[in-house]
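Colleague:
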Amino acid sequence: MVEEKKQLTLVLGVIGADVHAVGNRILEYAFTEAGFKVVNIGVMASQEEFINAAVETNANAILVSSLYGHGEIDCRGLREKAVEAGIGDIKLYVGGNLVVGKQDWQAVEKKFLAMGFDRAYPPGTMPQEAIDDLLMDFGFVQKC
Amino acid sequence: MVEEKKQLTLVLGVIGADVHAVGNRILEYAFTEAGFKVVNIGVMASQEEFINAAVETNANAILVSSLYGHGEIDCRGLREKAVEAGIGDIKLYVGGNLVVGKQDWQAVEKKFLAMGFDRAYPPGTMPQEAIDDLLMDFGFVQKC
Amino acid sequence: MQLTNKRLEWDQFLEIRREILNSWPTGQEVDLEEAIAYQSKIPDNRRFAKKLETAKQEGITLAQPRAGVALVNEHIELLRYLETEGEADLLPTTIDSYTRQNRYNEAQAGIDESRSVGRSMLNGFPAVNHGVVACRQVVESVISPVQVRHGTPDARLLTEISLAGGFTAYEGGGISYNIPYAKDVPLERSIRDWQYADRLVGYYEERGISINREPFGPLTGTLVPPCISHSIAILEALLAAEQGVKSLTLGYGQCGNLTQDVAAIRSLEELADEYLSRFGYQDTVVTTVFHQWMGGFPQDESKAFGVISWGAATAALAKATKVIVKTPHEAMGIPTKEANASGIKATKQILNMLKDQPLMQSQELTEEKELIKAETRAILEKLLEFGEGDIAVGTVRGFQAGVIDVPFAPSRYNAGKLLPARDYYGAVRLLDFGNLPFGEDIKEIHREKIAQRGKTEGREPSFQMVIDDIYAIGKGMLVGKVR
Amino acid sequence: MQLTNKRLEWDQFLEIRREILNSWPTGQEVDLEEAIAYQSKIPDNRRFAKKLETAKQEGITLAQPRAGVALVNEHIELLRYLETEGEADLLPTTIDSYTRQNRYNEAQAGIDESRSVGRSMLNGFPAVNHGVVACRQVVESVISPVQVRHGTPDARLLTEISLAGGFTAYEGGGISYNIPYAKDVPLERSIRDWQYADRLVGYYEERGISINREPFGPLTGTLVPPCISHSIAILEALLAAEQGVKSLTLGYGQCGNLTQDVAAIRSLEELADEYLSRFGYQDTVVTTVFHQWMGGFPQDESKAFGVISWGAATAALAKATKVIVKTPHEAMGIPTKEANASGIKATKQILNMLKDQPLMQSQELTEEKELIKAETRAILEKLLEFGEGDIAVGTVRGFQAGVIDVPFAPSRYNAGKLLPARDYYGAVRLLDFGNLPFGEDIKEIHREKIAQRGKTEGREPSFQMVIDDIYAIGKGMLVGKVR
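Residue numbers (the working numbering), protein chains in the order written: chain A, 18 to 161; chain B, 18 to 161; chain C, 19 to 501; chain D, 19 to 501.
1. In angstroms with no decimal places, state the Cα-to-Cα distance between residue 106 (chain A) and residue 128 (chain A).
2. What residue from C:344, C:126, C:414 has the CA that sits closest to residue 401 (chain C)'s CA?
3. Does chain D have any CB closer than 8 Å to the CB of residue 276 (chain C)?
4. Which residues in the same chain have their Cβ closer than 7 Å to the Cβ of residue 365 (chain D), if we skip the five residues on either side of it in sequence?
5. Span of the beta strand (DSSP E) holding residue 32 (chain A)?
6. Identify the residues that DSSP records as bridge partners of residue 238 (chain C): which are they?
7. Listing by chain order, which chain F residues have their CB less than 9 Å from the CB of residue 28 (chain A)?
8. Just to confirm the assignment: which complete alpha helix (DSSP H) runs, minimum length 4, are found wholly within the segment 244-268 of chain D?
9. Between residue 434 (chain D) and chain B, is there a C-beta pair that is closer than 8 Å?
10. Using the Cα positions of residue 235 (chain D) and residue 318 (chain C), report the straight-line distance between them to the nearest angstrom.
11. Could you give the DSSP three-state label for residue 156 (chain D): helix, strand or coil?
12. Should residue 424 (chain C) be listed as close to the ligand PLP, given that the test is whether its C-beta is under 7 Å from any heavy atom?
13. Measuring straight from C-alpha to C-alpha, what distance separates residue 399 (chain D) and residue 359 (chain C)?
14. Please report the distance separating the alpha-carbon of residue 90 (chain A) from that of residue 212 (chain C).
15. With distances taken Cα to Cα, identify the nearest neighbour of residue 28 (chain B) among B:88, B:131, B:64, B:57.
16. Which of the three DSSP states, helix, strand or coil, is assigned to residue 161 (chain A)?
17. Can you tell me which of the three DSSP states residue 439 (chain C) falls into?
18. Residue 351 (chain C) to residue 83 (chain C), Cα distance in whole Å?
19. Helix, strand or coil for residue 308 (chain C) per DSSP?
20. To which residues of the same chain is residue 224 (chain C) closer than 8 Å at the C-beta, ignoring the five residues directly before and after it?
21. Does the separation of the CB atoms of residue 141 (chain D) and residue 115 (chain D) fall below 8 Å?
22. Does the distance from the CB of residue 241 (chain D) to the CB of residue 438 (chain D) come in under 8 Å?
23. Which word fits residue 296 (chain D), buried or exposed, when buried means at least 16 other C-beta atoms lie within 10 angstroms of its C-beta?
24. Counting only the same chain and skipping the five closest in sequence on each side, list residues whose C-beta sits under 8 Å from that of residue 165 (chain C).
25. Which class does residue 109 (chain D) belong to by DSSP, given the choice of helix, strand or coil?
26. Measuring straight from C-alpha to C-alpha, what distance separates residue 112 (chain A) and residue 411 (chain C)?
27. Quick check on the burial criterion: 16 or more other C-beta atoms within 10 angstroms. Buried or exposed for residue 385 (chain D)?
28. DSSP has residue 136 (chain A) in a bridge; who is on the other side?
29. Consult DSSP for residue 23 (chain C) and reduce its assignment to one of helix, strand or coil.
30. For the segment 36-48 of chain D against the segment 148-157 of chain D, do three or more pairs of beta-carbon atoms, one drawn from each stretch, fall closer than 8 Å, so that the two count as touching?
31. Given this structure, state the Cα-to-Cα distance separating residue 38 (chain D) from residue 489 (chain C), to the nearest angstrom.
32. Is residue 74 (chain C) close to chain D? Criterion is C-beta to C-beta, closer than 8 Å.
33. Any idea what DSSP makes of residue 116 (chain C), helix, strand or coil?
34. With DSSP as the reference, label residue 124 (chain C) as helix, strand or coil.
35. With distance defined between alpha-carbon atoms, name the residue in D:500, D:373, D:496 nearest to residue 475 (chain D).
36. Identify the contact partners of residue 483 (chain D) in chain C, using a Cβ-Cβ distance below 7 Å as the criterion.
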């Protein structure tokens with residue numbers, strides 16, 4: 018199963034003008050440790066950088082982080098750009114402090130799913146949760 | 018003036034089932050320091066104890082404290098008992114946390130004045146204020 | 019133009035200035051003489067530097083929140099609330115992230131959308147877009163002094179507008195607002211751009227107007243050992259002083275171990291005085307700022323109050339001049355004004371209760387201070403050597419060589435080789451020294467302390483230990499111990 | 019019957035017991051053998067003494083709230099909430115004020131009215147009225163050990179019902195539940211009544227059932243110097259140990275100055291061990307309890323979180339075995355269960371973050387500990403002298419003579435001559451020693467420290483200073499300084 022997981026390629030980055038680098042380092046470490054191939058485009062990544070990296074590496078999923086509250090503005094249109102680039106069915110995950118201020122998470126999640134994301138994670142999610150979801154979404158049976 | 022003040026006798030106590038002793042001690046000390054003769058009947062004092070002490074010591078004023086919120090019930094009828102005991106014109110002062118919960122002070126004061134008290138003090142009053150009032154009410158001119 | 023730690027020539031400054039003020043329409047609102055006339059009318063009691071100096075003399079700690087929203091009236095309302103309900107001693111104006119990247123068009127879109135949706139779509143106040151007049155409205159609407167806080171590698175236009183706008187304190191620096199805040203801005207460039215900002219502050223000082231300057235202490239806010247943030251604070255203090263800055267507030271982000279945190283604040287002030295005096299900057303006043311925990315917070319608001327309060331207590335015990343306050347919404351993102359005020363009130367209660375405690379003294383504290391000083395001096399002396407006596411040149415070369423290195427920083431001009439981890443008692447130590455110029459004596463202290471922890475946990479020190487430490491506070495612990 | 023510190027004769031105990039169990043119908047539910055059989059089935063992990071002992075060994079601090087309501091199901095719901103949502107380590111059952119005065123008829127009226135109006139009309143759980151079966155329901159419905167906390171001068175029936183009811187810890191003592199809680203209960207009587215309670219606990223111990231006993235540390239909660247509460251804690255420890263009590267938790271209420279508070283907790287444990295061992299009680303285990311600030315609280319909840327958190331931090335730094343937690347509703351009266359849980363969560367966050375800090379060590383701390391020890395020994399030795407070696411007799415005579423004296427206590431059996439005030443750093447000192455048997459060396463230390471404060475405030479130490487100190491915390495300060 019470790020073999021199979023290695024074939025999944027993830028593009029990882031922090032979108033927009035966001036420079037939060039710590040979580041990005043941890044995610045890179047955690048996903049790599051979990052057996053994925055991680056293409057980390059780092060902080061302050063534009064939508065184009067995400068899409069280009071995904072196209073170039075033939076990635077299976079794009080994992081977007083946003084920690085500074087501008088996620089709503091920064092993420093809008095990412096699915097459309099993926100479609101334009103011919104990778105319209107790539108998995109899009111997003112997580113972090115996605116909006117300015119304390120808002121009801123259900124509403125925030127709904128907003129991001131409506132934007133075309135497959136999964137959205139609230140603040141404080143541990144990497145293992147996303148790892149488990151990736152394995153499930155790509156049909157790997159979990160050994161637990 | 019110190020000589021004259023010494024002639025004023027005050028009966029001091031905490032009324033009802035109230036065991037709050039700290040403020041009582043502060044008042045005893047402050048009034049004694051200010052030159053009054055203080056008859057402190059302490060905590061958990063009944064109306065009868067206040068009146069008897071005043072009669073026995075030929076007191077000029079009764080100072081009632083209540084810190085536990087039942088002041089309204091405990092103080093009702095004190096003026097009438099003073100009248101019955103033949104000391105109907107004794108000065109009655111009351112102060113503390115006189116009612117349950119946070120209430121408008123003007124309304125509380127009005128209630129206690131209507132009960133026959135000469136003065137009522139809100140929570141947080143410093144002893145000096147009552148000392149100044151005593152001196153004024155008994156016609157001692159203040160030096161400053 | 020070669021970077022060097024020399025005061026910018028006035029002609030050169032004016033040449034850059036013309037270009038800067040032309041870079042966005044509101045730049046045209048800045049008239050230096052008129053700005054100086056405006057600033058000179060702001061009385062001492064509403065000036066940041068003066069209030070800090072008085073607090074330092076009295077040995078008390080002032081409380082300052084972070085806060086900023088997209089629109090002027092809402093921002094004023096927010097600051098007024100934090101001043102009256104929150105009882106803040108010092109006020110902030112936190113700048114939004116687009117402005118920090120000089121992306122004024124996007125900031126404008128954020129302003130417009132905020133107006134139309136009726137809530138702030140920006141994570142701060144876009145001071146450049148709003149311009150000088152709006153900034154003056156802000157500072158005039160409150161009684162307390164107001165500081166601009168941001169995270170801008172090239173803050174030249176923002177500095178011009180902020181100072182003309184009546185703000186009396188200004189955060190940032192060529193290293194502390196680059197390495198943790200940017201991905202690929204060369205250090206030469208950000209240091210030079212901040213020499214401009216400092217020169218402008220220096221010019222105001224020459225005209226008798228005191229503007230407080232504060233390098234950003236916590237850097238990445240994640241397991242930054244005191245010697246790293248101290249080195250950068252002192253580098254920026256020297257760079258600023260050379261440009262004529264007189265009021266400096268140096269910062270440090272809470273690590274969590276009381277002894278280390280108190281030692282850090284005390285040693286920071288002493289080291290800064292030592293280096294400023296050594297390089298001939300005699301008339302600068304150094305105050306300190308302690309940042310409450312900058313890492314991950316618990317989601318639960320009561321637990322967050324615990325984290326905030328421990329930061330407040332440490333600030334008071336360290337006798338920092340001011341403390342930057344977190345809010346019980348920290349884990350959820352940008353707080354409501356009520357949550358922001360709550361954090362200040364809890365902090366103020368503790369500051370007031372603890373203002374009478376004596377300064378801590380113990381053998382452990384003395385040893386910790388000496389360790390931090392030895393480490394910081396090792397770094398600074400190596401940078402001076404690298405720069406052949408020029409600290410600006412030395413800084414650039416030092417970052418290249420990794421002899422100064424910030425953990426978890428996004429910048430590609432940072433070596434990123436350090437691995438910090440907590441010791442058994444929660445103090446931040448180094449697991450991997452990268453290229454830090456430490457002698458074996460210092461290294462051995464770190465190794466021993468981390469080994470002591472590893473032994474009690476029955477595991478070899480590794481990156482997993484670092485990750486456990488990063489998540490620890492969110493899980494209610496300081497040290498990510500395996501038990 | 020002459021009061022003496024001797025173990026109650028069994029016949030005598032049984033004679034009193036018959037009378038006590040007949041004083042209210044639920045007394046008939048108590049069958050000692052059946053109760054012992056029931057208690058012996060409660061496993062170690064749900065026993066109070068065991069959990070405290072483990073915490074002491076691990077050097078960690080456990081959190082315990084106060085809580086109690088009139089009806090059984092509501093009380094169970096409350097405790098479960100504090101255990102799950104509040105994350106309490108130890109649980110309480112606080113007894114209502116009528117039960118504390120043995121006014122069971124009024125308690126019954128309170129129960130009935132609570133049922134009819136649908137909310138608790140009592141300020142605690144009337145354990146005597148509910149009886150043994152209901153108490154067992156309570157302790158069985160939670161996982162953590164549960165202690166009975168009250169304030170009852172004559173608690174003999176409550177003790178019988180509590181122990182038969184499965185509680186594994188019990189607060190109170192013949193001095194600490196009389197002097198601050200009653201006006202005219204003679205000390206001879208309350209000490210004798212508590213000898214009964216302790217003898218019952220001692221009997222359970224003989225049968226292999228460990229019951230934790232805790233004298234009430236904070237007394238009047240108002241500027242009580244450590245030597246006063248320490249003396250009473252140790253007196254009650256000796257009285258309890260004589261009756262066969264083996265697990266003792268001695269308490270101290272936060273004064274606010276960190277050094278004094280840490281010194282108090284550390285010296286309390288050391289002094290207790292010293293005296294217990296001197297009188298031959300070798301197999302008692304002494305743990306400590308630190309009470310968060312017992313004086314007036316700020317109305318504002320955020321500020322209350324600050325007060326709570328500073329108490330939690332001090333408890334952790336002092337490495338007290340447990341801490342009694344206040345709530346953000348403290349100033350408003352009896353808290354909601356949510357507010358109660360909030361206080362525990364803020365406390366736990368701090369306890370967890372600080373559990374790794376090393377025990378404080380400094381010259382000042384050592385000096386403070388030695389001062390507290392010298393003061394406490396002076397009092398205790400004088401009481402032993404007064405009692406001609408019998409500590410029970412000495413206690414009664416000592417209170418008469420004022421050589422032991424509790425500030426601001428309502429009891430007429432207390433001299434009430436002490437005047438405590440804070441020194442410059444906020445530590446509680448004595449302005450008037452009353453008849454405390456201190457030598458000139460000790461008195462001089464107090465005088466100097468209070469004079470130092472007086473000098474900085476430009477006023478002679480006086481009762482006004484005491485008044486200012488009592489009002490201080492409500493105004494957000496610790497020391498009522500005049501500036």
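C-beta atoms are modelled at their ideal positions from N, C-alpha and C, and glycine is treated no differently. These figures come from a predicted structure and were not determined experimentally.
Modeller: Taking the coordinates as given:
1. On the first sequence, position 89 is the one that residue 106 (chain A) refers to. On the first sequence, position 111 is the one that residue 128 (chain A) refers to. Each residue's CA atom was taken as its position, placing residue 106 (chain A) and residue 128 (chain A) some 19 Å apart.
2. Residue numbering aside, residue 401 (chain C) sits at position 383 when the third sequence is read from its first letter. In this structure, C:414 is the residue among C:344, C:126, C:414 with its C-alpha nearest to the C-alpha of residue 401 (chain C).
3. For the purposes of this step, residue 276 (chain C) is taken as the residue at position 258 of the third sequence. It does; some Cβ of chain D falls within 8 Å.
4. Stepping through the fourth sequence from its first residue, residue 365 (chain D) is reached at position 347. Taken in chain order, the residues that qualify are 81, 326, 330, 341, 343.
5. Within the first sequence, numbered from 1, the residue matching residue 32 (chain A) stands at position 15. Run containing residue 32 (chain A): 26-32, per the beta strand (DSSP E) assignment.
6. Looking up residue 238 (chain C) in the third sequence gives position 220. Under DSSP, residue 238 (chain C) takes part in no beta bridge, so it has no partner.
7. The structure shown has no chain F; the protein chains it does contain are A, B, C and D.
8. Whole alpha helix (DSSP H) segments, 4+ residues: 244-260.
9. For the purposes of this step, residue 434 (chain D) is taken as the residue at position 416 of the fourth sequence. Answer yes: the Cβ-Cβ gap between residue 434 (chain D) and chain B drops below 8 Å somewhere.
10. Your numbering for residue 235 (chain D) matches position 217 in the fourth sequence. Your numbering for residue 318 (chain C) matches position 300 in the third sequence. Their backbone Cα atoms lie some 31 Å apart in a straight line.
11. In the fourth sequence, residue 156 (chain D) corresponds to position 138, counting from 1. Looking at residue 156 (chain D) - three-state DSSP - the assignment turns out to be helix.
12. Absent from the structure shown: the ligand PLP. Ligands present: none.
13. Locating residue 399 (chain D) in the fourth sequence gives position 381, where the first residue counts as 1. Locating residue 359 (chain C) in the third sequence gives position 341, where the first residue counts as 1. Answer to the nearest angstrom: the Cα atoms are 52 Å apart.
14. Residue numbering aside, residue 90 (chain A) sits at position 73 when the first sequence is read from its first letter. Residue numbering aside, residue 212 (chain C) sits at position 194 when the third sequence is read from its first letter. C-alpha separation (whole angstroms): 30 Å.
15. Looking up residue 28 (chain B) in the second sequence gives position 11. The option with the nearest alpha carbon to residue 28 (chain B) is B:57.
16. Indexing the first sequence from 1 puts residue 161 (chain A) at position 144. Low confidence applies to residue 161 (chain A): its pLDDT is 43, below 50, so where it sits in the model is not reliable enough to give any reading.
17. Counting from one through the third sequence, the residue named residue 439 (chain C) turns up at place 421. In this structure, residue 439 (chain C) counts as strand in the three-state DSSP scheme.
18. As a first step, residue 351 (chain C) must be located in the third sequence, where it is residue number 333. As a first step, residue 83 (chain C) must be located in the third sequence, where it is residue number 65. Distance between the alpha carbons of residue 351 (chain C) and residue 83 (chain C) is about 15 Å.
19. Within the third sequence, the letter at position 290 stands for residue 308 (chain C). In the displayed model, residue 308 (chain C) falls within a strand according to three-state DSSP.
20. As a first step, residue 224 (chain C) must be located in the third sequence, where it is residue number 206. Closer than 8 Å at Cβ, skipping near neighbours: 262.
21. Here residue 141 (chain D) refers to the residue found at position 123 of the fourth sequence. Here residue 115 (chain D) refers to the residue found at position 97 of the fourth sequence. Against a cut-off of 8 Å, the Cβ pair of residue 115 (chain D) and residue 141 (chain D) comes out as a contact.
22. As a first step, residue 241 (chain D) must be located in the fourth sequence, where it is residue number 223. As a first step, residue 438 (chain D) must be located in the fourth sequence, where it is residue number 420. Yes, Cβ-Cβ distance for residue 241 (chain D) and residue 438 (chain D) is below 8 Å.
23. Start at 1 with the first residue of the fourth sequence, and residue 296 (chain D) comes out as number 278. The residue is exposed, with fewer than 16 neighbouring Cβ atoms inside 10 Å.
24. Residue numbering aside, residue 165 (chain C) sits at position 147 when the third sequence is read from its first letter. Around residue 165 (chain C): 66, 82, 108, 109, 110, 111, 185, 186, 187, 188, 189, 230, 232.
25. Position 91 of the fourth sequence, counting from 1, holds the residue named residue 109 (chain D). For residue 109 (chain D), the secondary structure class from DSSP, reduced to helix, strand or coil, is strand.
26. In the first sequence, counting from the first residue as 1, residue 112 (chain A) sits at position 95. In the third sequence, counting from the first residue as 1, residue 411 (chain C) sits at position 393. Approximately 40 Å, taken between the alpha carbons.
27. Translated into the one-based positions of the fourth sequence, residue 385 (chain D) becomes position 367. Label assigned to residue 385 (chain D): exposed.
28. By one-based count along the first sequence, residue 136 (chain A) stands at place 119. According to DSSP, which records beta bridges pairwise, residue 136 (chain A) is partnered with A:110.
29. Taking the first residue of the third sequence as 1, we reach residue 23 (chain C) at position 5. Looking at residue 23 (chain C) - three-state DSSP - the assignment turns out to be coil, as it is neither helix nor strand.
30. yes
31. Within the fourth sequence, numbered from 1, the residue matching residue 38 (chain D) stands at position 20. Within the third sequence, numbered from 1, the residue matching residue 489 (chain C) stands at position 471. Approximately 56 Å between the Cα atoms of the pair.
32. For this step, residue 74 (chain C) is matched to residue 56 along the third sequence. Closer than 8 Å: no.
33. If you number the third sequence from 1, residue 116 (chain C) lands on position 98. Helix.
34. As a working mapping, residue 124 (chain C) is identified with position 106 in the third sequence. Residue 124 (chain C) falls in the helix class under three-state DSSP.
35. Numbered from 1 along the fourth sequence, position 457 holds the residue referred to as residue 475 (chain D). The closest CA to that of residue 475 (chain D), considering only D:500, D:373, D:496, is found on D:500.
36. Position 465 of the fourth sequence, counted from the first residue, corresponds to residue 483 (chain D). By Cβ distance, chain C contributes nothing, its closest Cβ being about 14 Å from residue 483 (chain D), past 7 Å.
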